[in-house]
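Visitor: Okay, handing you the structure first.
2 protein chains.
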Amino acid sequence: MAYELHYWPGIQGRGEFVRLALEAAGAPYVDVARGAVEDGRGVAALTRLLHDEAAPQPPFAPPILKDGERVVAQTAAILQYLGPTLRLVGRSEMARVWTNQIQLTIADAVDEAHDTHHPLGASLYYEDQKPEALRRARGFCSERLPRFMRWFEQILQRNPAGPRQLVGARLSYADLSLFQLVEGLGYAFPKATRRALDAAPAVVDLHARVAAQPRVAAYLASPRRIAFNEQGIFRRYPELDFD
Amino acid sequence: MAYELHYWPGIQGRGEFVRLALEAAGAPYVDVARGAVEDGRGVAALTRLLHDEAAPQPPFAPPILKDGERVVAQTAAILQYLGPTLRLVGRSEMARVWTNQIQLTIADAVDEAHDTHHPLGASLYYEDQKPEALRRARGFCSERLPRFMRWFEQILQRNPAGPRQLVGARLSYADLSLFQLVEGLGYAFPKATRRALDAAPAVVDLHARVAAQPRVAAYLASPRRIAFNEQGIFRRYPELDFD
């Protein structure tokens with residue numbers, strides 16, 4: 000049975016980390032909220048799932064994965080759940096713990112990238128918090144973004160199986176997520192990202208290798224890949240890109 | 000062998016979620032950075048661990064758990080790692096996934112509580128971002144805090160094993176973490192928290208039950224429990240507590 004991915008249809012957002020894992024593994028899935036209402040899909044189906052009063056484990060927020068009767072939310076929890084079945088995580092307990100730890104650090108970076116344009120919270124528009132966004136983005140570009148990239152470079156360089164992937168000798172969901180983080184940062188902060196990546200050659204290589212992976216390349220070229228835009232997490236506001 | 004917990008010594012912070020699990024389980028542990036330098040402990044030991052150039056899996060940030068040669072960082076990853084050994088998580092895969100999902104949502108609430116006093120980032124002092132903190136805190140108190148509490152109340156009420164714990168019929172690390180979240184919010188935002196808890200009786204009960212658990216009660220009354228203060232995540236700035 001196909002997995003169901005429930006996520007807001009107009010943005011990549013946090014759903015993209017799950018979508019990339021499903022695509023890279025060639026797993027069958029339905030992108031529910033992007034489907035047609037007449038097929039029982041669309042945003043209405045996502046809303047029904049979110050507000051299902053009979054659900055014993057109601058999700059707090061999308062992305063949400065349905066695997067038959069199982070419902071899992073929270074990006075890192077979904078990836079950890081899918082990892083073994085999709086063969087996107089190592090078999091040993093410690094490989095799984097380390098992959099999860101990296102994923103949670105990627106999630107922290109994603110949160111911080113989001114907060115550059117919404118430092119005062121998601122309930123206000125960017126236009127209502129521009130001066131604050133400038134201050135927050137300056138710190139992100141000059142300190143946090145380079146610090147995250149240094150760490151990813153370091154753990155790639157120290158992988159005993161070599162710097163071609165983050166954990167062990169095979170592609171994991173953390174590699175896919177790091178690809179997406181680099182992709183998003185490169186869209187939102189092209190100058191700051193280029194400068195940080197100058198000091199992170201293994202991250203650059205990983206990003207290129209994931210992009211060239213046949214299933215990922217086919218996905219990225221397909222209409223299933225939503226373009227970056229200014230409603231998502233990674234937004235191109237040139238004034239926030241501090242070199 | 001005793002676990003080693005590595006965390007900043009002057010605050011509860013994210014380390015407290017790990018400390019509570021270790022304490023509630025009666026597990027032997029050393030709170031390394033609070034120890035004496037002459038014993039090879041203190042902040043210097045934490046710093047050594049963070050900057051160990053030989054570590055194949057260097058942590059990005061504390062809290063960090065050492066279990067013999069194993070090093071695990073990221074609060075939710077540490078708790079998931081400890082859960083089975085400390086008997087603080089159910090045995091089934093789905094109980095573990097659900098417990099992790101709840102923990103990640105608690106972590107999101109913690110991040111948002113932190114950002115009320117640091118909306119422009121952790122590199123600036125609160126005093127340098129007070130007007131922004133007021134705006135961010137207003138939205139947190141009026142929308143986000145109540146929304147998180149409604150969700151916790153809802154999942155407690157829907158637990159098929161009863162509303163006395165979040166997952167199944169036994170105490171889990173997520174219960175301990177929800178206790179700590181309520182404790183912290185009650186310290187930082189007494190008025191807003193009281194109002195949100197008025198609509199969350201099962202959360203109030205859970206909080207009281209965890210506090211009365213003998214090992215937890217002994218811990219909370221001991222000098223091992225650091226008092227809340229204005230360097231931590233949960234800070235009592237009365238101007239940020241919107242009723």
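Heads up: the protein sequence lines correspond to chains Z and F, in order. Each residue of the first sequence is one higher than the one before, starting from 0 at the first, in numbering that gives the first Met the number 0. Each residue of the second sequence is one higher than the one before, starting from 0 at the first, in numbering that gives the first Met the number 0. Every residue, glycine too, gets a C-beta built ideally from N, C-alpha and C. The structure presented is a predicted model; accordingly, all values stated were derived computationally and were not measured.
(1) To the nearest angstrom, how far is the alpha carbon of A210 (chain F) from that of A136 (chain Z)?
(2) When you compare only the Cα positions, how much space is there between R143 (chain F) and L19 (chain F)?
(3) Run the CB neighbour count on H206 (chain F), radius 10 Å, all protein chains shown included, and call it buried at 16 or more, exposed below.
(4) In the structure shown, what three-state DSSP assignment does Y6 (chain Z) receive?
(5) Measure the C-alpha to C-alpha separation of I63 (chain F) and R33 (chain F) and round it to an integer number of angstroms.
(6) Assess contact between the stretch 120-136 of chain Z and the stretch 45-56 of chain Z, defined as three or more Cβ pairs (one per stretch) separated by less than 8 angstroms. Is contact present?
(7) Mind listing, in chain order, the continuous beta strand (DSSP E) runs of no fewer than 3 residues lying wholly within the stretch 104-176 of chain Z?
(8) Less than 8 angstroms between CB atoms is the rule here; does A32 (chain F) satisfy it with respect to chain Z?
(9) Tell me whether the beta-carbon of A187 (chain Z) lies closer than 8 angstroms to the beta-carbon of F151 (chain Z).
(10) Within 7 angstroms: the Cβ of I101 (chain Z) and any heavy atom of the ligand MG?
(11) Please list, in chain order, all residues of the same chain as A35 (chain F) whose beta carbon is under 7 angstroms from its beta carbon, the five residues on each side excluded.
(12) Is it true that the CB of T115 (chain Z) sits closer than 8 angstroms to the CB of L239 (chain Z)?
(13) Give me, in chain order, the residues of the same chain whose beta-carbon lies closer than 7 angstroms to that of V17 (chain F); leave out the 5 immediate sequence neighbours on both sides.
(14) Residues of chain Z with CB under 8 angstroms from S122 (chain F), in chain order?
(15) Taking beta-carbon pairs under 7 angstroms, can you tell me which members of the stretch 89-108 of chain Z lie near chain F?
(16) Name the chain F residues that come within less than 9 angstroms of Q179 (chain Z), Cβ to Cβ?
(17) Where DSSP assigns a beta bridge to L64 (chain F), which residues make up the other side?
(18) Give the secondary structure of Y80 (chain F) by DSSP, where H, G and I count as helix, E and B as strand, and everything else as coil.
(19) CB-CB under 7 angstroms to P118 (chain Z), same chain, minus the five flanking residues each way: which ones, in chain order?
(20) Sort out for me which residues DSSP pairs V29 (chain F) with in a bridge.
(21) Taking the CB atoms as reference points, tell me whether Q164 (chain F) and S171 (chain F) lie closer together than 8 angstroms.
(22) With respect to the alpha helix (DSSP H) encompassing D197 (chain F), which residues constitute its N-terminal and C-terminal limits?
(23) Determine, for P145 (chain F), whether the minimum Cβ-Cβ distance to residues of chain Z falls below 8 angstroms.
(24) Could you tell me which chain F residues have their CB closer than 7 angstroms to the CB of P118 (chain Z), listed as they occur along the chain?
(25) Helix, strand or coil for R47 (chain Z)? Go by DSSP, reduced to three states.
(26) Going along chain Z, which residues have a C-beta under 7 angstroms from D110 (chain F)?
(27) Looking at G12 (chain F) and G231 (chain F), is the spacing between their C-beta atoms short of 8 angstroms?
(28) Going by beta carbon distance, what residues of the same chain come within less than 7 angstroms of Q244 (chain Z), once the five residues before and after it are set aside?
(29) Buried or exposed: A285 (chain F), going by 16 or more other Cβ atoms within 10 Å of its Cβ?
(30) Any idea if M148 (chain F) is buried or exposed, counting beta-carbon neighbours within 10 angstroms, 16 or more meaning buried?
(31) If you draw a straight line from the C-alpha of G89 (chain Z) to the C-alpha of R169 (chain Z), how long is it?
(32) Do Q100 (chain Z) and V71 (chain F) have their C-beta atoms closer together than 8 angstroms?
(33) Look at the alpha carbon of P58 (chain Z) and the alpha carbon of W97 (chain F), and state the distance between them as a whole number of angstroms.
(34) Counting only Cβ pairs nearer than 9 angstroms, list the residues of chain F close to F16 (chain Z).
(35) Just the Cα atoms here: how many angstroms apart are A112 (chain Z) and C140 (chain F)?
(36) Tell me the residue span of the alpha helix (DSSP H) that contains R21 (chain F).
Guide: Reading from the atomic positions:
(1) 40 angstroms
(2) 25 angstroms
(3) buried
(4) coil
(5) 14 angstroms
(6) no
(7) none
(8) no
(9) no
(10) With respect to the ligand MG, the structure shown offers nothing to examine, as it has no ligands at all.
(11) G41
(12) yes
(13) L4, P62, L64, T74, I77, L78
(14) G138, E142
(15) M93, V96, W97, N99, Q100, L103, T104
(16) Neighbours of Q179 (chain Z) on chain F: none; closest Cβ ~18 angstroms, over 9 angstroms.
(17) F:L4, F:V71
(18) helix
(19) Q128, E131, A132, R135
(20) F:E3
(21) yes
(22) 189-197
(23) no
(24) P118, L119, E131
(25) helix
(26) D110
(27) yes
(28) The question about residue 244 (chain Z) has no answer here: the residues shown for chain Z are numbered 0 through 242.
(29) Absent from the structure is residue 285 (chain F), since the part of chain F shown begins at 0 and ends at 242.
(30) buried
(31) 8 angstroms
(32) yes
(33) 10 angstroms
(34) Within 9 angstroms Cβ-Cβ: nothing; F16 (chain Z) doesn't reach chain F, min ~13 angstroms.
(35) 23 angstroms
(36) What sits at residue 21 (chain F) in the sequence shown is Leu, not Arg. Its alpha helix (DSSP H) spans residues 14-24.
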